[in-house]
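First comes the structure, then the notes that go with it.
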Amino acid sequence: MALLGLMVIGSGYALVAHPVGSRTAGKKPDASLTPTSQTPAPRVTVTATRTRTAGPEAVPVSQSPQPAVTSPLAEPACVHVRYKSPDGPASCEPRTKVRALGSPMFSPIIDVLCGPAPVARVYVSNAALVESGACLTLSSTNWATGTAEYQGFDVPAYRCTAFVDITDLDTGVPLAVCQENYPGTRLTFLAELTTSAGVMTACLTAHAGA
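With positions in the sequence shown counted from 1, the corresponding number in the numbering used here is that position plus 215.
Dropping the structure here:
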């Protein structure tokens, strides 16, 4: 004798016959049985968004990374030099002081550190001609574009800011270079001297003490 049982599958119904006395409790239905009707599940479309982790937060890949900010290399606070010569006392001085015309600071690579020395342009306030062997007293802050007074000869050294080594009165032609009395320094430099008589060229060596 068979028993008719009602089985619900999905949203449909099916009649299943079981023999009397058979153990059907807890058994799974036969996979071959199909529901009389079943509503298909709605289709779900999932869109994935890729992200790139930058630090603790996720950053969309479409966001362009910000360019790295780079700082130019800072100029050293000072450069290692010696006073007047390779054997002079050592110190570390600001580059502006080392490169200044008339500076006694020595470096074997002075032109690499500071570049070529500029030509000084000096106004001589009290003379028409400047002769070699005389001295000048600087009355402004620097030789690059300074004003000086002509002191002539036989003047105590402490009154002289620079000595006149040679002028174009000695050569007959404008000077273009100067012989270095202290190589590796800016003590000796070329200058254009403007006087009441015009412009002349000279090589000057700054007085920097012993």
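For glycine and all other residues, C-beta sits at the position ideal for the given N, C-alpha and C.
For clarity, every value in this text was computed on a predicted model and none was experimentally measured.
Identity of the residue in Gln394, Val414 and Asp326 nearest Ala342 by Cα:
If you number the sequence shown from 1, residue 342 lands on position 127. From the listed residues Gln394, Val414 and Asp326, the smallest Cα separation to Ala342 is found for Val414.
Threshold first: 3 residues or longer. Then list the beta strand (DSSP E) segments lying entirely within the segment 388-413, N to C.
Scanning the segment 388-413 from its first residue to its last, the whole beta strand (DSSP E) runs of 3-plus residues come out as 403-410.
Excluding the 5 residues flanking Cys375 on each side, which residues of the same chain have their C-beta closer than 8 Å to its C-beta?
The sequence position of residue 375 within the sequence shown is 160, counting from 1. Contacts found: Cys350, Leu351, Thr352, Gln366 and His422.
State the DSSP-derived secondary structure class of Pro324, mapped to helix, strand or coil.
The count along the sequence shown starts at 1 and reaches residue 324 at position 109. Reading the sequence as shown, one finds Ile at residue 324 and not Pro. It is coil, neither helix nor strand.
To the nearest whole angstrom, what separates the beta carbons of Val294 and Leu328, a pair I think is in contact under 8 Å?
Looking up residue 294 in the sequence shown gives position 79. Looking up residue 328 in the sequence shown gives position 113. So it is a contact: roughly 6 Å between Cβ atoms.
With three or more C-beta pairs closer than 8 Å as the rule, is the segment 381-398 touching the segment 354-364?
no
Taking the alpha-carbon of Gly424 as reference, which of Ser318, Leu408, Glu308 and Val313 has the nearest alpha-carbon?
Residue numbering aside, residue 424 sits at position 209 when the sequence shown is read from its first letter. For the residues Ser318, Leu408, Glu308 and Val313, the minimum Cα distance to Gly424 belongs to Ser318.
I'd like to know whether the C-beta atoms of Thr416 and Asp383 end up nearer to each other than 7 Å.
The sequence position of residue 416 within the sequence shown is 201, counting from 1. The sequence position of residue 383 within the sequence shown is 168, counting from 1. Yes, Cβ-Cβ distance for Thr416 and Asp383 is below 7 Å.
So who's on the other strand from Leu351, going by DSSP bridges?
Within the sequence shown, numbered from 1, the residue matching residue 351 stands at position 136. In DSSP, Leu351 forms a bridge with Tyr365 and Ala377.
Can the beta-carbon of Val339 be found closer than 7 Å to that of Ala363?
On the sequence shown, position 124 is the one that residue 339 refers to. On the sequence shown, position 148 is the one that residue 363 refers to. The answer is yes: Cβ separation under 7 Å.
Excluding five sequence neighbours on each side, which residues of the same chain lie with their C-beta closer than 7 Å to the C-beta of Gly399?
Within the sequence shown, numbered from 1, the residue matching residue 399 stands at position 184. Correct list, in chain order: Phe321, Ser322, Pro323 and Ile325.
Would you call Gly361 buried or exposed, if buried means 16 or more other Cβ atoms sit within 10 Å of its Cβ?
As a working note, residue 361 is residue 146 in the sequence shown. By the 10 Å Cβ count, Gly361 comes out buried.
So, helix, strand or coil for Thr386, using DSSP?
Your numbering for residue 386 matches position 171 in the sequence shown. DSSP places Thr386 in helix when its eight states are reduced to three.
Find the nearest neighbour of Tyr298 within the set Tyr397, Gly387, Ala406 and Asp369, judged by alpha-carbon distance.
Numbered from its first residue, the sequence shown carries residue 298 at position 83. Checking every option, the nearest Cα to that of Tyr298 belongs to Tyr397.
Given this structure, state the Cα-to-Cα distance separating Ala273 from Pro291, to the nearest angstrom.
For the purposes of this step, residue 273 is identified with residue 58 of the sequence shown, where counting begins at 1. For the purposes of this step, residue 291 is identified with residue 76 of the sequence shown, where counting begins at 1. In this predicted model, Ala273 has a pLDDT of only 48, less than 50, meaning its place in the structure is not dependable; the value taken from the coordinates is given anyway. When rounded, the distance between both Cα atoms is 41 Å.
In DSSP terms, what Leu305 is bridged to:
The count along the sequence shown starts at 1 and reaches residue 305 at position 90. A small correction: the amino acid at residue 305 is Ala; Leu does not occupy that position in the sequence shown. Paired residues: Arg297.
By the three-class DSSP mapping on this structure, what secondary structure does Val339 have?
Residue 339 sits at position 124 when you count from the first residue of the sequence shown. In this structure, Val339 counts as strand in the three-state DSSP scheme.
Cβ of Val345 within 7 Å of Cβ of Val379?
As a first step, residue 345 must be located in the sequence shown, where it is residue number 130. As a first step, residue 379 must be located in the sequence shown, where it is residue number 164. Taking 7 Å as the Cβ cut-off, Val345 and Val379 qualify as a contacting pair.
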